[in-house]
């Protein structure tokens with residue numbers, strides 16, 4: 062893969078107390094620039110894990126940008142000396158809303174960097190990043206700033222979210238910055254249950270052992286969230302599965318992508334329930350199942366097909 066050299070920036074976060082969030086800009090050198098794709102990465106990972114996909118987008122005529130969420134990647138590295146651990150989102154009353162504010166603040170920087178005229182803007186969210194993207198999709202003051210959306214490997218309706226929020230809130234009482242092993246076990250303990258003889262606790266991510274091993278060996282991946290991190294996660298999930306969220310969806314096109322062997326999406330069933338509910342609410346959507354593959358479709362044998370499908374969707378999104 063060609064070496065990518067993104068431009069890096071650090072901006073003042075809405076978290077306050079001197080916290081700074083790190084973002085990256087990947088400029089396309091294609092003869093025709095069609096738009097900008099903003100990436101929201103998943104839980105316990107970071108933007109640079111997407112560089113193979115980013116290169117494909119750049120070559121197709123799309124600039125790409127993305128920020129490492131609070132407590133993740135280079136944002137964590139920049140703030141750790143000030144006592145901010147991995148998987149910590151700032152400790153506010155509603156940290157998920159602060160996260161949305163930062164994502165949209167970074168979007169404003171992207172518009173200043175790349176411009177707006179004649180360019181479509183697409184928000185791509187994977188896993189927890191899809192919860193962020195779906196939250197923005199259902200927030201009227203934000204959702205028309207993007208022309209299209211991709212919700213990759215998202216979650217279906219989860220009746221246990223109330224319990225999760227309560228446990229995360231209780232954990233915050235005893236220490237917002239402390240790792241919450243109990244919630245980690247509840248959230249992820251069953252994800253390998255359909256895999257015969259799993260090699261690692263993370264086999265549910267991909268059918269390719271080498272991709273799983275890269276994740277397992279990466280110190281910036283797979284860490285346990287703090288109680289505040291789980292409060293953020295469950296806050297996002299609670300909002301996106303609410304009737305309020307479905308009532309507020311815009312007419313912007315969106316694309317759901319998922320694998321049938323992904324436990325996050327309840328093996329396809331959960332994602333299809335979200336799709337059906339969005340269709341009932343009048344969403345302008347398309348979807349594609351990638352068959353017997355797991356959570357990270359971008360790291361599966363069908364990745365070339367996946368990248369092409371994404372670019373075809375980007376190309377189909379009208380400039381609003």
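In my numbering, the protein residues as written are 62 to 381. Note that beta-carbon positions come from the ideal geometry of N, C-alpha and C, so glycine has one too.
In whole angstroms, what is the alpha-carbon distance linking residue 213 and residue 186?
Start at 1 with the first residue of the chain shown, and residue 213 comes out as number 152. Start at 1 with the first residue of the chain shown, and residue 186 comes out as number 125. Those two C-alpha atoms are separated by around 6 Å.
Same chain only: Cβ atoms within 8 Å of residue 226, ignoring 5 sequence neighbours per side
As a first step, residue 226 is located in the chain shown; it is residue number 165 there, counting from the start. Once the five neighbours on either side are set aside, the close Cβ partners of residue 226 are 292, 295, 296, 299.
Per DSSP, which residues does residue 319 bridge with? Please list them.
The count along the chain shown starts at 1 and reaches residue 319 at position 258. According to DSSP, residue 319 bridges with 350.
Considering only residues of the segment 275-341, which uninterrupted beta strand (DSSP E) runs meet the minimum length of 3 residues and lie entirely inside it, listed in chain order?
315-319
Whose CA, out of 191, 244, 119, lies closest to the CA of residue 357?
Along the chain shown, one-based indexing puts residue 357 at 296. Nearest C-alpha to residue 357: 191.
Where residue 358 sits in the DSSP three-state scheme:
What you label residue 358 is simply residue 297 of the chain shown in a count that begins at 1. Looking at residue 358 - three-state DSSP - the assignment turns out to be helix.
With DSSP collapsed to three states, give me the class of residue 203.
Locating residue 203 in the chain shown gives position 142, where the first residue counts as 1. DSSP places residue 203 in helix when its eight states are reduced to three.
So residue 83 and residue 123 are in contact, right, with Cβ under 8 Å, and what is the actual spacing, rounded?
Within the chain shown, numbered from 1, the residue matching residue 83 stands at position 22. Within the chain shown, numbered from 1, the residue matching residue 123 stands at position 62. That belief does not hold up - the Cβ atoms of residue 83 and residue 123 are roughly 21 Å apart, past 8 Å.
Within 10 angstroms of its Cβ, does residue 340 collect 16 or more other Cβ (buried), or is it exposed?
Position 279 of the chain shown, counted from the first residue, corresponds to residue 340. Flag for residue 340 reads exposed.
Out of 217, 206, 130, state which residue places its alpha-carbon closest to the alpha-carbon of residue 334.
Along the chain shown, one-based indexing puts residue 334 at 273. Checking every option, the nearest Cα to that of residue 334 belongs to 217.
Return the residue from the list 326, 80, 219, 183 that minimises the CA-CA distance to residue 355.
By 1-based counting over the chain shown, the position of residue 355 is 294. Of the listed residues, the one whose Cα sits closest to residue 355 is 326.
If distances are taken between C-alpha atoms only, which option among 75, 107, 110 comes closest to residue 153?
In the chain shown, residue 153 corresponds to position 92, counting from 1. Out of 75, 107, 110, 75 has the C-alpha closest to the C-alpha of residue 153.
Given residue 265, which residues of its chain have a CB within under 7 Å of its CB, disregarding the five upstream and five downstream residues?
To locate residue 265, count along the chain shown from 1; it is residue 204. Within the same chain, residue 265 has close Cβ partners 252, 253, 256, 324, 355, 356.
In terms of residue numbering, what span does the beta strand (DSSP E) encompassing residue 186 cover?
Here residue 186 is taken as the residue at index 125 of the chain shown, counted from 1. It spans 181-187 - the beta strand (DSSP E) in which residue 186 sits, taken as one unbroken run.
Looking at the structure shown, is residue 212 part of a helix, part of a strand, or coil, going by DSSP?
Working through the chain shown from its first residue, we reach residue 212 at position 151. Correct three-state label for residue 212: strand.
Look at the Cβ atom of residue 332, then the Cβ atom of residue 348, and state whether they are nearer than 9 Å.
The count along the chain shown starts at 1 and reaches residue 332 at position 271. The count along the chain shown starts at 1 and reaches residue 348 at position 287. It is a contact, given that the beta carbons lie within the stated cut-off.
Name the DSSP bridge partner or partners of residue 236?
Mapped onto the chain shown, residue 236 falls at position 175. Residue 236 is not bridged to any residue.
Residue 81: first and last residue of the uninterrupted alpha helix (DSSP H) it sits in
Along the chain shown, read from residue 1 onward, the residue named residue 81 stands at position 20. Segment 81-87 is the beta strand (DSSP E) holding residue 81; no alpha helix (DSSP H) there.
Given 8 Å, three or more beta-carbon pairs between the segment 198-205 and the segment 271-290:
Taking 8 Å as the limit for Cβ pairs, the verdict is that the segment 271-290 does not touch the segment 198-205.
Excluding sequence positions up to five away, which residues of its chain have a Cβ less than 7 Å from the Cβ of residue 371?
On the chain shown, position 310 is the one that residue 371 refers to. For residue 371, where only same-chain residues beyond five positions count, the Cβ hits under 7 Å are 211.
Assigned exposure category for residue 66 - 16 Cβ within 10 Å defines buried:
Taking the first residue of the chain shown as position 1, residue 66 is located at position 5. Classification for residue 66: exposed.
For residue 100, three-class secondary structure by DSSP
Residue mapping note: residue 100 aligns to position 39 of the chain shown, counting from 1. If DSSP states are grouped into helix, strand and coil, residue 100 belongs with the strands.
Continuous beta strand (DSSP E) stretch holding residue 128: start and end
As a position in the chain shown, residue 128 is number 67, starting the count at 1. Unbroken beta strand (DSSP E) run through residue 128: 123-128.
Express the C-alpha separation of residue 304 and residue 273 in angstroms, rounding to a whole number.
By 1-based counting over the chain shown, the position of residue 273 is 212. By 1-based counting over the chain shown, the position of residue 304 is 243. Computed Cα separation, rounded: 36 Å.
Quick one, are the C-beta atoms of residue 359 and residue 113 less than 9 Å apart?
To locate residue 359, count along the chain shown from 1; it is residue 298. To locate residue 113, count along the chain shown from 1; it is residue 52. It is a contact, given that the beta carbons lie within the stated cut-off.
Please report the distance separating the alpha-carbon of residue 193 from that of residue 89.
The residue labelled residue 193 in the question sits at position 132 within the chain shown. The residue labelled residue 89 in the question sits at position 28 within the chain shown. Rounded to whole angstroms, residue 193 to residue 89 spans 25 Å at the Cα level.
CB contact flag (residue 77, residue 127, <9 Å)
On the chain shown, position 16 is the one that residue 77 refers to. On the chain shown, position 66 is the one that residue 127 refers to. No, they are not a contact pair.
For residue 91, which of 80, 119, 64 has the nearest alpha-carbon?
Sequence index remark: in the chain shown, residue 91 carries index 30 (1-based). It is 119 whose Cα lies nearest to the Cα of residue 91.
Comparing alpha-carbon positions, which option in 115, 71, 267 lies nearest residue 369?
Within the chain shown, numbered from 1, the residue matching residue 369 stands at position 308. When only C-alpha atoms are compared, the closest one is 115.
How would you call residue 258, buried or exposed, if buried means at least 16 neighbouring beta carbons within 10 angstroms?
Counting from 1 along the chain shown, the entry for residue 258 is found at position 197. Looking at its Cβ environment, which holds fewer than 16 other Cβ atoms inside 10 Å, residue 258 is exposed.
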